[in-house]
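Numbering of the sequence shown is given in this note's numbering, commencing with residue 2 and proceeding in unit increments. The beta carbon of each residue, even a glycine, is placed where N, CA and C say it ideally should be. Read the structure below first, then the notes.
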Amino acid sequence: RDEPKRIYYLKGHCGWDVVSLVLSDEIPEAGQHDTVLKVLDFPVSGGIDLAMLGRTDTPGNIRTRIMCTHARRWIDMCGGATQVIGKALIESQLREHFRIDI
Numbered sequence: 002r003d004e005p006k007r008i009y010y011l012k013g014h015c016g017w018d019v020v021s022l023v024l025s026d027e028i029p030e031a032g033q034h035d036t037v038l039k040v041l042d043f044p045v046s047g048g049i050d051l052a053m054l055g056r057t058d059t060p061g062n063i064r065t066r067i068m069c070t071h072a073r074r075w076i077d078m079c080g081g082a083t084q085v086i087g088k089a090l091i092e093s094q095l096r097e098h099f100r101i102d103i
């Protein structure tokens, strides 16, 4: 039996609920939708939305894809994710990961 893959993710409070952040390079593109929903669903309960963060060719830029737990699909934007990403860049290793100079 295959061992389940472990995924590094952050959960952050966005004022009214929780949003999780995941690095896109940890999940093969073909499985991103289903994997992200597993992070959002019980028993992990990753919050109302999840932002998948990816590198770009430009240092300091982050590519985001946001999954809405209610719609069960990718959405264009999420104010809560913006708050959680900003705080995570200050308080975690994401700043170094994305080569962001603050």
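- Taking Leu-41 as the centre and dropping the five residues before and after it, the same chain places the C-beta of Gly-47, Leu-51 and Thr-70 closer than 6 Å to its C-beta, in chain order.
- Within the model, the alpha-carbon separation for Asp-102 versus Gln-84 is close to 18 Å.
- The C-beta of Val-45 has fewer than 16 other C-beta atoms within 10 Å across all chains shown, which makes the residue exposed.
- With a threshold of 16 other beta carbon atoms within 10 Å, Gly-13 meets it and is buried.
- Taking the Cβ atoms as the reference, Ser-25 lies roughly 7 Å from Gln-33, within the contact range of under 8 Å.
- In its chain, beyond the 5 residues on either side, Leu-22, Val-23, Leu-24, Ser-25, Ile-63, Arg-64, Thr-65, Ile-86, Leu-95 and Phe-99 have a beta carbon closer than 8 Å to the beta carbon of Leu-54.
- Nearest C-alpha to Thr-36 among Lys-6, Cys-15 and Pro-60: Lys-6.
- One alpha carbon belongs to Glu-92, the other to Ala-31, and they sit about 30 Å apart.
- Per the DSSP secondary-structure output, Ala-52 pairs in a beta bridge with Leu-22 and Ile-67.
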